[in-house]
Each structure stands twice: as structure tokens, then as C-alpha cells.
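Student: Protein chains in written order, with my numbering: chain A, 415 to 743; chain B, 415 to 743.
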């Protein structure tokens, strides 16, 4: 008999692992599992793995009513139809009807969201921006993701494709981004951006200790080299910080938020990245945007997507009532 | 006796003239007046002029109940307290409690909004974007103003200072903007930006027919010179279009709107500005944002601020109920 408080089952689907958790409304994670994502297998195989893990987690909270399944997925997706168009690091995924498939296999209503959007929601509800009505969230990782909370709600846009601040261009002549455009924030301030710019500088003859890593170079190598005094590495991190600062400044002018939350592995570089970022923000001639503004590190770490997916279900009433109705039918 | 349909009195406060109109919910302008703004006088003098015009307009619609006064004002303002911090072209205006003063003099509840935000609202409700839930509005005039409709509501931000796309920077090294920052969209694509860039090019020795205008050069001279084949003028308009295109592209990535509405005097340059803008937008590698997207000229012309101010009052229930309550108390 279901006697406990309502539970959302949350899934965070990543390229190397997926995680499933039972989460209260608070939100409190009662039970969780993590399993490797079989990224090279067909999507059906991965979906079956997830469904099995969901059943296992449900069994562990069998005294509580499970009200739905929330899924944080990477890449472009349709949050209304529940289709994942594409997923970075999951090469076989094209137009996968993830919500339908999971609903069929688990019997639960399923809501789907972009992982960065859901992380923004989680940071606004129970993280670094707890209680914020106007929040800008950026995650600096392999790419740059973002999510915006406006008047307490996620900004999703016409197709759910809003909030791609990583692809805000800061210069038509800037470095080439993975998306095909030039000068995107992601081309400067993501792990991929840092690595690409380093490889390009080395290829053009710039001396740097980074050269010894060859094509295996990653963002952590650049961070470590900068700490040891490598000029190229330090310069790239400084430029990433300045680009991030310009990006944040633009977002202040557009959204006038009370808080900017910055997370992701690259953000943990700390002062060498944050200081130039803050210098550019502080140099903003439009000082009104800095009044009572906080710019802070994310608080929820790797759990932000999972918690956001759970909140998506718990808040489905105001936020996505139609979809929940649709999947329950 | 008030027997007609509810009427909002709308005020559009500009630097050279102010306009007052009686507007139905539809919205339909029943009666309007325009008077010169005494820009060099004390704010009290202008406010008294406005209050008198409001009384005159009210007298003309005396059979209908007047439910409130909506004011579209330029420059930074606090829509909650109703204070205008500063107003371009009104040099004596600093921290003017415009809503309070108008309420005292007219006895009407007063709601205040930024003119570009209100123009965006009007274009979304009854203009080029009629019925749009996700709309981006840009007005290219002396400066570049903007307004965003998100999920059917104006995005105002923490202090009402959101939606300043004119001060989205497209390059840390770009031309100096009137705001003090560099590379703002406004520094390229506003009348002031075009003129400043032309004067700078001429001062640095660039040959152009524009030189004969001296310091009296204005944006219309640049438009006319480009039509007559002046290379500098054509180049500046082309660059303004490209910058506008990059700005629009960024806003697509951030807001995923269904429609982008572009108005203001500079936008009427037409193809020489719109073509390079559209080329940059069409070159966007992230094609999802262009699906079913419309980019169109504004439809309401000079009336957009006035209609938006009226809509502010008519929609005050859902939009700004608290403020309306506060002013009625």
C-alpha cells in the first residue's frame, strides 16, 4: 500500500552513465542507482536498461505513490512530444521517442526536459538560487549549456529550444564552434572550446607544454598547465573568462536576473577563470544590473539534472499540466 | 453616466511631444491628442501638461468608465514604484515619481512601462505578431530598444530592466556605445550609432559625401547618401544590418520565438539593412530556430507605445494586478 509522500522518479541520461533516483517533493533523494550508458548500442537497448533501473528504484520505495517519471536528457529535444532529436555522446540517437518508450515500459507518465534547463530549475528551487524568480544558469562542461528562470518559470520558447546561451555569438569573426557558427560563448568557455583553441595555437607554431599531449589534450591538462605557468594555457583560460564575462553581461541586460549561477567542470577552474569574468561584468557601464546581483557557483553539482527532472514531475501542475494529462490518457 | 465599454487612457511620453489617447480593450483609439513636451522645463511642468491633456481626453469619453492611466515612458524606470530614473531627451528628469504625480493630479490608477516593452506587448496583441506567445521586438531609432514576450507575458526581470537588447555586446573591441560599453548592437544599428561611426570614419580621413553635413549629419542623410552610391554610407548600413543579424540570431538562440518584429525609423531603410540582416540569420548553423519563424516589420508604427500603455491597463489583472491594487488604495 502506498502510504508515504508522493515520489517522482528522476532519470539523468548522460553519454557515459545514466542515473535513476526516487525523489520527494522537498526534494530529497531517497534512493539512487547509476549504470553505464551503452552509448554504442541501439537506443532501445539503453531505454530497456533505464526502464529496468526505474523498476528497481520503484521497488525500493514501494510504500510511496510514484506520481511520474522525469527525464533530463542532453541535446535538442521536444519537451511536448517527448522526442530526443539528437544527443551528444549518444551517436545512435536520432528522433528517439524517449517519453513514449519509457511510458510504455514503466507504465508511468513521463516528462522530458533538457538537462541544462532542468539544472537551472533545480538551482532556482533548492540550490544556489533557492527561491529566485529570475535566475540565469550556465554550465561550462564539454559544451556550454544554460537555463533561464523567468518569473519563477523555465523559459522554453516556441519549441523548447530556448536558453542556448552557449550559442550566443560574441563575434562574427570569432573561433569556429562545434555548432558551425563562429564566436559562440561555447567556442571560448567550454572544455571543447579550450582544447580546440589550444590545438589551433599549437598547430600555428605557438610554443606550449600542452603540445606533448597531442590530440589527447583535455581541459584538465590546460588547467594544470596554466597552474604550472604555461603562458598559452593561462591566456586561453583568461580569454575564456573574459568571453564568459561578456556573455554574462549580455544576459544581465536581457534578463535582469537576481542571480547568475555557474556550474560544470570547467567552472571549477576557479579564480583564473572567474576573475577575468568578474572584471568584465564589473566594467559594465550599465551599473543598474549589478545592484543586488549575485554571481555564484552552482550548489547541486552532478545532482542538478536529477533534481530538476524530479521537480519537473512534482511541479507538473503549474508547469506542464497538459503534457502530464496527455501521457496519463 | 458611464455606459460605454471600459476605457484606458494611454500616455506616450516622448522627448519632443507627448500623446494621450482614450483606448478600448480591443484596442481601438477613440480619441487622441498630441502636445509638445516642454523638455527643458521642470518635470512638474510637463506632468501638469499631461494631466491637463488627460482630463481633456477623459471629458471626450465621459460616457465610458475610465479604468486607469497607462504611461509609456522612455529610459530606465521602476515599473513597480512608478519612478522614472532618467529619460533620454528629457534632461531635467531624474528620479521622477511620475505614476504618483499623475495619480494625484488625475485621480486615476496609473501604471508605468518602458516604451519599447509596451510596444512589444502591443505588437504581440494586435500588431505584426498578433496572438504570439513568444515574440522578440526590436526598435531601431535614436537608440535600439527591445521587448520580449515570453509565454504570453512581458519579460521584465527583477527590477523591470530586462529586455535591453540594444546593449547586447557583439564584440568587446567594437565601437563605443552611448552607454559607455563597446560593441553594443545600438552602436551599430541605431541612428546615433550610424552617425557616430560615419563621423569617426570621416575624421580618420575616409572620403565621403557625408562630410558636407558636418556635425549636423543624421541617419536619414546616411540613408540618402547610400542610395546615391556613397561607399561609406552603404558600408555602414551593411554593417548595421550584419550586426542586427547577429543580434537577432543570438536572440533566437536565447528565446526561440515564433516571430521577430523590427520597427523604428532606422528599420525603414529597408532592403539595404534587412538583406544583410537576413543573410546572417539564414547562415545560422542551428537551423531549428528558423523553422516556422517570421521576421517582419512592425505594424503599429508610432502608435505602438500608446497601444501598449493602454493594454497594460486593460490587462492589469493578470499582468500587474498588485500595482493596480496599490495605486487604487
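Glycine is no exception: its CB is placed at the ideal position from the N, C-alpha and C atoms.
Nothing here was measured: the structure is a model prediction, and the numbers come from that model.
Expressed to the nearest angstrom, what Euclidean distance is found between the alpha-carbon atoms of residue 587 of chain B and residue 598 of chain A?
Tutor: Whole-angstrom Cα-Cα distance: 16 Å.
Student: What residues from chain B crowd round residue 672 of chain A, counting only those whose CB sits closer than 7 Å?
Tutor: Under the 7 Å cutoff, chain B gives 572.
Student: Determine the contact status of residue 548 of chain A and residue 686 of chain A, defining contact as a CB-CB distance below 9 Å.
Tutor: Their beta carbons are not under 9 Å apart, which means residue 548 of chain A does not touch residue 686 of chain A by this criterion.
Student: Counting contacts by CB-CB distance shorter than 9 Å, is residue 495 of chain B in contact with chain A?
Tutor: Not one chain A Cβ lies under 9 Å of residue 495 of chain B.
Student: Taking the beta strand (DSSP E) that residue 474 of chain B falls in, what are its first and last residues?
Tutor: From DSSP, residue 474 of chain B is part of no beta strand (DSSP E) but of the alpha helix (DSSP H) over 457–474.
Student: So with CB distances below 7 Å, who are the chain B contacts of residue 663 of chain A?
Tutor: Here the neighbours are 583.
Student: Rounded to whole angstroms, what is the Cα-Cα separation between residue 495 of chain A and residue 561 of chain A?
Tutor: Approximately 20 Å between the Cα atoms of the pair.
Student: Roughly how far, in whole angstroms, is the beta-carbon of residue 663 of chain B from the beta-carbon of residue 694 of chain B, given that I think they are within contact range, below 8 Å?
Tutor: With a Cβ gap of about 6 Å, residue 663 of chain B and residue 694 of chain B count as contacting.
Student: Distance check for residue 543 of chain A and residue 797 of chain A, CA to CA, integer angstroms please.
Tutor: With chain A running from 415 to 743 in the structure shown, residue 797 of chain A is simply not present.
Student: Just the C-alpha distance for residue 558 of chain B and residue 534 of chain B, rounded to the nearest angstrom, thanks.
Tutor: Taking the straight line joining both Cα atoms gives about 13 Å.
Student: Going by alpha carbons, who is nearest to residue 423 of chain B out of B:486, B:459, B:608 and B:450?
Tutor: Selected option, being the one with the closest Cα: B:486.
Student: Examine chain A for any beta-carbon lying closer than 9 Å to the beta-carbon of residue 534 of chain B, and answer yes or no.
Tutor: No, residue 534 of chain B lies away from the interface with chain A (no Cβ there is under 9 Å from its Cβ).
Student: If you measure beta-carbon to beta-carbon, which residues of the stretch 482–515 of chain B are closer than 9 Å to chain C?
Tutor: Here the protein chains are A and B, and chain C is not one of them.
Student: If contacts are defined as beta-carbon pairs under 8 Å, then residue 499 of chain B and residue 512 of chain B qualify, I think. What distance do you get, rounded to the angstrom?
Tutor: So it is not a contact: roughly 10 Å between Cβ atoms.
Student: Alpha carbon to alpha carbon, how far is residue 706 of chain A from residue 617 of chain A?
Tutor: Their backbone Cα atoms lie some 45 Å apart in a straight line.
Student: Once the 5 residues before and after residue 622 of chain B are set aside, which same chain residues still bring their CB inside 8 Å of it?
Tutor: Cβ neighbours of residue 622 of chain B beyond the five flanking positions: 612, 615, 616, 639, 644, 645, 646 and 647.
Student: Give the single residue among A:418, A:464 and A:527 whose Cα lies nearest to the Cα of residue 727 of chain A.
Tutor: Per the Cα distances, A:527.
Student: Give me, in chain order, the residues of the same chain whose beta-carbon lies closer than 7 Å to that of residue 448 of chain A; leave out the 5 immediate sequence neighbours on both sides.
Tutor: Hits under 7 Å: 431 and 433.
Student: For a contact defined as C-beta to C-beta under 8 Å, what are the partners of residue 660 of chain A on chain B?
Tutor: The contacting residues are 583 and 586.
Student: Whole angstroms are fine: how far does the CA of residue 522 of chain B sit from the CA of residue 577 of chain B?
Tutor: Taking the straight line joining both Cα atoms gives about 28 Å.
Student: Does residue 644 of chain B come out as helix, strand or coil in the three-state DSSP assignment?
Tutor: Looking at residue 644 of chain B - three-state DSSP - the assignment turns out to be coil, as it is neither helix nor strand.
Student: Answer yes or no: do residue 714 of chain A and residue 679 of chain A have a C-beta to C-beta separation smaller than 9 Å?
Tutor: It is not a contact, given that the beta carbons lie outside the stated cut-off.
Student: Enumerate in chain order the residues of its own chain whose CB-to-CB distance from residue 704 of chain B is below 8 Å, with the five nearest sequence positions on each side excluded.
Tutor: Contacts found: 666, 695, 696 and 698.
Student: Give the interface partners of residue 538 of chain A over in chain B, defined as CB-CB distance under 9 Å, in chain order.
Tutor: None at all; the shortest Cβ gap to chain B is about 13 Å.
Student: If the cut-off is 9 Å on Cβ atoms, which residues from the stretch 682–700 of chain B count as contacting chain A, listed in chain order?
Tutor: Those would be 694, 697, 698, 699 and 700, in chain order.
Student: Answer with buried or exposed for residue 583 of chain A, where buried requires no fewer than 16 other C-beta atoms within 10 angstroms of its C-beta.
Tutor: Buried, because 16 or more other Cβ atoms sit within 10 Å of the Cβ of residue 583 of chain A.
Student: Leaving out five residues on either side along the sequence, give the residues of the same chain with a beta carbon under 6 Å from the beta carbon of residue 659 of chain B.
Tutor: Result list for residue 659 of chain B: 691, 694 and 695, in chain order.
Student: Name the residue from A:514, A:503 and A:651 whose alpha carbon lies nearest to the alpha carbon of residue 461 of chain A.
Tutor: Cα-wise, what sits closest to residue 461 of chain A is A:514.
Student: As a quick exercise: from B:497, B:518 and B:516, pick the residue whose alpha carbon is nearest that of residue 508 of chain B.
Tutor: It is B:497.
Student: Where DSSP assigns a beta bridge to residue 562 of chain B, which residues make up the other side?
Tutor: DSSP lists B:550 as partners of residue 562 of chain B.
Student: Taking Cβ-Cβ distances below 8 Å as the criterion, which residues of the stretch 544–567 of chain A are in contact with chain B?
Tutor: So the list reads 547, 548, 562, 564, 565 and 567, given in the order they occur along the chain.
Student: Verify the CB distance criterion: does residue 594 of chain A have a CB-CB separation below 9 Å to chain B?
Tutor: Residue 594 of chain A counts as touching chain B.
Student: Starting from residue 610 of chain A, follow the alpha helix (DSSP H) in both directions and report where the run begins and ends.
Tutor: Note, residue 610 of chain A: alpha helix (DSSP H), 605–617.
Student: Along chain B, in chain order, which residues have C-beta atoms closer than 9 Å to that of residue 702 of chain A?
Tutor: In chain order: 490, 499, 573 and 575.
Student: Classify residue 493 of chain B as helix, strand or coil using the three-state DSSP reduction.
Tutor: DSSP places residue 493 of chain B in coil when its eight states are reduced to three.
Student: Only counting the same chain, and skipping five residues up and downstream in sequence, which positions put a Cβ closer than 7 Å to that of residue 630 of chain B?
Tutor: None.
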